[in-house]
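K.L.:
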Amino acid sequence: MDQLTGFQRDLLYVIAGKDRPSGQEILDDINNYIDQPVTHGRLYPNLDTLVEKELVEKGQLDRRTNYYALTPKGRRALQRRQEWVNQYVDV
1 MDQLTGFQRD LLYVIAGKDR PSGQEILDDI NNYIDQPVTH GRLYPNLDTL
51 VEKELVEKGQ LDRRTNYYAL TPKGRRALQR RQEWVNQYVD V
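Numbering (full-length UniProt numbering), first residue to last: 1 to 91.
#1: Are Ala69 and Arg20 close, meaning C-beta to C-beta below 7 Å?
#2: So, at 7 Å on beta carbons, what are the nonlocal neighbours of Ser22 in its own chain, with the 5 sequence-adjacent residues on each side left out?
#3: Give me the Cβ distance between Ala77 and Leu55, rounded to the nearest whole Å; I'm assuming they're in contact under 8 Å.
#4: From what residue to what residue does the beta strand (DSSP E) around Val56 run?
#5: How is Leu78 classed by DSSP in three states: helix, strand or coil?
Following this line, the structure appears as C-alpha cells:
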C-alpha cells in the first residue's frame, strides 16, 4: 500500500464500496469526490497498475464493459491500511 499513490488508494476504496463496478462507475464516483475532473487517460492506467500489483482483478461484464473487484490481497492491504489510519485518526 505504501507504494501506491493517494489516487490509487482512493480507487481501491471506491472499488471496495461497490459490487464489481465498471470503469465508468468508478470514474463517476471519483469525480464526485475530487475537485478536478479525472479523465479516462488518468483513470485506466491507474486501474491497470492496481491489476498488475494484484490488488484488483479485471473482468468482463459484456463485450464493451469491464468490471473491477478487489482481490483477497487487495482486501487485506486495504484492511491493514484502514487499521493503521484508525490508530491515528478518530473522526
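From the three backbone atoms N, C-alpha and C, an ideal C-beta is built for every residue, glycine too.
P.N.:
Taking the structure as given:
#1: Counting from one through the sequence shown, the residue named residue 69 turns up at place 69. Counting from one through the sequence shown, the residue named residue 20 turns up at place 20. One thing to note: Ala69 has its Cβ within 7 Å of the Cβ of Arg20.
#2: The residue labelled residue 22 in the question sits at position 22 within the sequence shown. Contacts found: Leu61, Thr65, Asn66 and Tyr67.
#3: What you label residue 77 is simply residue 77 of the sequence shown in a count that begins at 1. What you label residue 55 is simply residue 55 of the sequence shown in a count that begins at 1. At roughly 6 Å, the Cβ-Cβ gap stays under 8 Å, so Ala77 and Leu55 are in contact.
#4: Taking the sequence shown and counting its residues from 1, one reaches residue 56 at position 56. Val56 to Gln60 is the span of the beta strand (DSSP E), which, as asked, contains Val56.
#5: Position 78 of the sequence shown holds residue 78. Leu78: helix per DSSP, three-state reduction.
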